[in-house]
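Participant: Residues 50 to 613, numbered by my numbering, are exactly what the sequence shown covers, in order.
This is the structure I want to talk about, given as structure tokens.
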Amino acid sequence: DLARFADTHGFQADRYRPVWPWRDWVIGAFNRHRPFDRFVQWQLAGDLLPEATQEQRLATTFNRLHLQNEEGGIVEEEYRVAYNVDRVNTFGTAFLGMTFECARCHDHKFDPISQRDYYAMAGIFRSTQTLYGTTDDRGNRQPSGFLGLGMGADREDLLPGRAPAPRPLAAAAAARRAARRPNANAQGGMDPERALPPLPATNAPRAMGVREGIPHDSPFLVRGEVSQKSGRVPRGLVPVLDGGKPMELPAGSSGRLQLAEWLVRPENPLSARVAANRVWMHLMGRGIVASPDDFGFNGERPTHPELLDYLAVRLRQNRWSIKGLVREIVLSRSYALSSAMDPRAHELDPDNTLHWRFEPRRLDAEALRDAMLAVSGMLEANPPKGSPVSGMGDGPVRRPPAGEAMDGLLRRRSVYLPVVRGFVPEALDLFDFAEPSLLVAERDTTNVPSQALYLLNNPQVIAWSRAFARRLLADAGLDPRKRVARAYRLALGRAPTSREMARALEFVRDERLDATEAAARTGKGLQRPGDRLRAGEAAWTAFAQALLASADVLRAARAAVPAA
């Protein structure tokens, strides 16, 4: 959500972009217990590390996940500035919990960030050049099919992050333009993003990423307007963050590597606090700082500042281990509390800011879909290879992938579903999936009729319910009571109450009766053994679907429920 990940560029010419290797790298980095400080540094400046590895270069895809306009007739300078603005804003919000974007057009009204400070930061990212990972030298005109890259970012035969293979004429034109370039250090010099000579052509698989261009200070834009430049601002860190010790930039350096190194130094407490707050938010439902994207003056004050500092220190002490921080939180008493209501505690703290109970909340869209797949027994745990969007041709992606392109993904975890900016999968979009064109620090949670209608009518949900029913019917020795008990164990992780058991048995009995009466009305009845089996399967399918659509499956809660 923070990286605004999507398989396409956005805008009207919503073309495919080869960024799924970065997605797989992120998942693999957490699975392999990659320290969070390296995880962050590599994404910001992995290409600038000494003898950068394939994995480190692949991580830089993070810098290119924003929208990109490939329509004809656009003013390229405007969009170069817009892309750089996005990098600065994303860096500030994702890693520091600061709203830098307010200072693009004027001095920040609330936080100590001037407009000059903003363009000093913008200069650090100004020379970051895009590598498209395609076979065309301009943007994404001919997507290269490189299925099989998967999570093999450490393999020596893969070259993610290399420049696109140039066409002969394009390479010659690039060389001529390079020969005419003025001195990069001149005050009115060229824009640094204007093919450095292209890197050598390669037939190896590619991914989108970045490389360093010629370091170049950013112009000061009056009111943020590209047409109103007023000199240039020396590159540097926002003064309020440098502790009175300006960041030193070696000659010929943009400062991107130094910024990535500063981000996780002990003298910068913000990055660890922001990261710890996000982990707490995802586990507990609400951050210690309830505005995870704004730790500034306008943000919420922390409900437990000492706890936030403790978690941030523990994250650093434990070598930036996210898994270690998760373990420490989930083993705490606060996390283990039930969701049961306490009238006295509710009177004193109705918003549960003191965490006197585990607050029920709706599952995220991906978790809900994965839960239904897992309960049905249809979930395929192995990750897929590539993205089906890569096979949809060179034109704009006007619709989500379908047919054979999606067959291999329908049973995969939701994180592997293709995200086309204009066509987010329905299973995710209806349940408050993050808008892929924006940086989203915290998702909204809605409760609308379209969600219930999806759970009642969607063909996929019905298919999962039928598979769930067949799973319950597979053991012919189970009587109806045992089947209901097994269904509750699988779907909710608990036994049904006596009232739930009675209602479930009545529901299945009524559904079977309805099927029998419907067959009788046709004059055929349930004449063959298979007819009775299908009537039973239909009844249990209806029960399974009702259970999957229940509030207890949709939300994460821990109520003390007595066994039947």
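Glycine included, every Cβ here is placed at the ideal spot set by N, Cα and C.
Keep in mind the model is a prediction, meaning the values are calculated, not measured.
1) Going by CA-CA distance only, name the one from G304, E104 and C151 that's closest to M170.
2) In the DSSP assignment, find the unbroken alpha helix (DSSP H) run with S320 in it and report its ends.
3) Let me check understanding here. Comparing Cα to Cα, which of V68, M427 and F174 lies closest to R284?
4) Quick check on the burial criterion: 16 or more other C-beta atoms within 10 angstroms. Buried or exposed for S425?
5) Give the straight-line distance between the Cα atoms of D419 and A605, rounded to the nearest whole angstrom.
6) With K531 as the anchor, note down where its alpha helix (DSSP H) starts and where it stops.
7) Could you name the residues of the same chain whose beta carbon sits closer than 7 Å to that of Y65, not counting the 5 residues immediately before and after it, in chain order?
8) Return the residue from the list L51, D160, A78 and A516 that minimises the CA-CA distance to L422.
9) Taking 8 Å as the cut-off, decide whether the C-beta atoms of A490 and P341 are in contact.
10) What's the call for Y632, buried or exposed, on a 16-neighbour Cβ count within 10 Å?
11) Mind checking which residues open and close the beta strand (DSSP E) that includes E261?
12) Once DSSP output is grouped into helix, strand and coil, what is the label at S279?
13) In the DSSP assignment, the alpha helix (DSSP H) including T142 goes from what residue to what residue?
14) According to the Cβ coordinates, are S176 and G258 closer than 8 Å?
15) Check V602 in the structure and name its three-state DSSP category.
16) With H, G and I counted as helix, E and B as strand and the rest as coil, what does DSSP make of P161?
17) Whose CA, out of Y128, R322, H265 and G293, lies closest to the CA of E274?
18) In the DSSP assignment, find the unbroken alpha helix (DSSP H) run with L504 in it and report its ends.
19) In the DSSP output, which residue or residues are listed as bridge partners for R255?
20) CB-CB under 7 Å to G95, same chain, minus the five flanking residues each way: which ones, in chain order?
21) Report the three-state DSSP secondary structure of R410 (helix, strand or coil).
22) Does the segment 286-301 touch the segment 146-166, meaning 3 or more C-beta pairs lie closer than 8 Å?
23) Starting from the Cα of I621, find the closest Cα among A325, N138 and A518 and give me that residue.
24) Please go through the same chain and pick out, in chain order, the residues whose beta-carbon is closer than 7 Å to the beta-carbon of N118, but skip the five residues on each side of it.
25) Which residues does DSSP pair with E491 in a beta bridge?
26) Can you tell which of E555, A518 and S547 has its C-alpha closest to the C-alpha of A540?
27) Can you say whether N80 is buried or exposed, counting buried as having 16 or more other CB atoms within 10 angstroms of its CB?
28) If we count Cβ pairs, one from each stretch, closer than 8 Å, do we get three or more for the segment 390-407 versus the segment 494-507?
Facilitator: Taking the structure as given:
1) G304
2) L319 to M333
3) For R284, the nearest C-alpha among the options comes from F174.
4) buried
5) 14 Å
6) P529 to L541
7) D56, T57, N189, P192, V438, S439, M441 and V446
8) A516
9) yes
10) The structure shown does not extend to residue 632, since the chain is modelled only from 50 through 613, so no value can be given for it.
11) G258 to E261
12) strand
13) E125 to L145
14) no
15) helix
16) coil
17) Y128
18) First-last of the alpha helix (DSSP H) with L504: P498 to N506.
19) According to DSSP, R255 bridges with nothing at all.
20) A101, Q105, R106, A108 and T109
21) DSSP places R410 in strand when its eight states are reduced to three.
22) Result yes; three or more Cβ-Cβ pairs closer than 8 Å.
23) There is simply no residue 621 to check, as the chain begins at 50 and stops at 613 in what is shown.
24) F60 and Y128
25) Partner(s): none; E491 has no beta bridge.
26) A518
27) exposed
28) At 8 Å Cβ cutoff, the stretches do not touch.
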